[in-house]
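Numbering (our numbering), first residue to last: 56 to 309.
C-beta: ideal position from N, C-alpha, C; glycine also.
Fair warning: this is a prediction, and the values are worked out from it, not measured in the lab.
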C-alpha cells in the first residue's frame with residue numbers, strides 16, 4: 056500500500072491515544088510539518104491525511120483536529136486535508152474540519168456475519184448520512200473481507216474467495232450509484248495479505264488482500280482489474296466534472 060500512502064500524503068499514524076494531550080498535539084504538528092516539507096512537490100500527493108481511525112468522538116478531538124488541520128493547510132494551501140474515520144457520523148468531532156470525508160467500513164464482515172444482502176442498504180445509508188450532515192465529497196477509504204487463498208464455497212461462506220468477491224460486488228453497486236453524486240473515490244483494503252501479531256482474531260496474519268503474501272491473485276483480483284479498467288476509461292476525459300465535485304467553496308485548488 057506504499058503508493059496509497061503517497062497519494063494520500065498520509066502520516067500512517069493510527070492514533071490510539073485517548074487523552075489528546077498537548078504533548079501529542081505538538082508532536083503531531085511537527086510530524087505534519089516534516090511530512091509536508093518532504094513530499095509537497097511529489098506529483099502523486101493529491102491530499103494530506105493527518106490520521107487513521109482516531110478516537111474522533113472524544114470531546115478533545117474537536118480542538119485537536121481543528122488545530123492540526125489548520126496547521127497543515129497553512130503549510131500547503133494547494134491541497135485538501137482529511138483524516139480517515141471509522142466513527143459514527145453524528146459523533147465525529149473532527150469531521151467538520153476536513154475537506155473530504157474518508158470513511159472505513161466493513162459491512163457483513165465485522166458485524167452481520169455472512170449476510171451479504173444487507174450491504175447495499177447499510178452502505179447507501181452510511182453515505183447519505185455523512186453527506187447530509189457535512190455536504191462534502193466522500194471517499195470509501197477501506198472496505199473488504201478476509202480470504203484463505205484457494206478456499207471455495209457455494210453458497211459463499213466467510214473466508215472463501217466467493218465471499219470476498221460477493222462482498223466487493225455489493226459495495227460496487229452502491230459506489231457506482233453514489234459516485235454520480237458525491238462519492239469521489241474508493242480504496243480496497245487490502246492489496247496483499249500481510250503478517251500481524253499473533254492473536255485468536257487471525258490465523259497467520261491479515262488475509263484481506265486480493266493477492267496472497269506470495270503475490271498470487273485471488274478471485275477478487277480479476278474482479279478489481281476489470282472494475283478499475285472500466286473506471287479508468289470512463290473517467291479519462293472527465294477531469295472537469297471531478298474537479299467541480301471536489302472544489303466547491305473550499306479554499307484549496309487542484
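Look at the alpha carbon of residue i and the alpha carbon of residue j, and state the distance between them as a whole number of angstroms.
i           : j           : result
residue 133 : residue 209 : 50 Å
residue 128 : residue 156 : 16 Å
residue 202 : residue 154 : 34 Å
residue 93  : residue 225 : 39 Å
residue 169 : residue 85  : 44 Å
residue 114 : residue 126 : 20 Å
residue 221 : residue 138 : 28 Å
residue 174 : residue 130 : 39 Å
residue 161 : residue 272 : 21 Å
residue 159 : residue 264 : 16 Å
Please go through the same chain and pick out, in chain order, the residues whose beta-carbon is closer than 7 Å to the beta-carbon of residue i, but skip the five residues on each side of it.
i           : result
residue 235 : none
residue 147 : 111, 112 and 140
residue 257 : 251
Nearest by alpha-carbon distance to residue i: which of the options is it?
i           : options               : result
residue 183 : 196, 226, 221 and 237 : 237
residue 176 : 227, 283 and 287      : 227
residue 120 : 108, 152 and 218      : 152
residue 239 : 246, 231 and 245      : 231
residue 102 : 118, 85 and 124       : 124
residue 278 : 287, 223, 215 and 79  : 223
residue 180 : 144, 165 and 206      : 144
residue 100 : 135, 115 and 215      : 135
residue 248 : 275, 269, 290 and 189 : 269
residue 166 : 213, 245, 78 and 221  : 213
residue 142 : 106, 265, 172 and 95  : 106
residue 28  : 149, 246 and 255      : There is simply no residue 28 to check, as the chain begins at 56 and stops at 309 in what is shown.
Evaluate residue i with the Cβ neighbour count: other Cβ atoms within 10 Å of its Cβ, from every protein chain shown; 16 or more gives buried, anything less gives exposed.
i           : result
residue 284 : exposed
residue 75  : buried
residue 90  : buried
residue 82  : exposed
residue 118 : exposed
residue 205 : exposed
residue 192 : buried
Suppose the cutoff is 8 Å on Cβ atoms and the five residues either side in sequence are ignored; what does the same chain contact list for residue i look like?
i           : result
residue 259 : 250
residue 306 : Because the pLDDT of residue 306 is 49, which lies under 50, any placement of that residue in the model is unreliable, and the number read from its coordinates should be weighed accordingly. Closer than 8 Å at Cβ, skipping near neighbours: 128 and 132.
residue 229 : 174, 175, 178, 179 and 182
Could you tell me if the beta carbon of residue i falls within a distance shorter than 7 Å of some heavy atom in the ligand COA?
i           : result
residue 157 : For the structure depicted, the ligand COA is absent and the ligand set is empty, with no information on it obtainable.
Check whether chain B comes within 8 Å of residue i, counting only Cβ atoms and requiring the distance to be less than that.
i           : result
residue 216 : Among the chains in the structure shown there is no chain B, since it carries only a single protein chain.
Leaving out the 5 sequence neighbours to the left and right, which residues in its chain are closer than 6 Å to residue i when beta-carbon positions are compared?
i           : result
residue 198 : 226
residue 164 : 200
residue 242 : 196
Sequence ranges, beta strand (DSSP E) only - wholly within the segment 104-161, length at least 3: 136-140 and 156-159
Contained beta strand (DSSP E) runs [length at least 3] in the segment 189-243, N- to C-terminal order: 193-197 and 238-241
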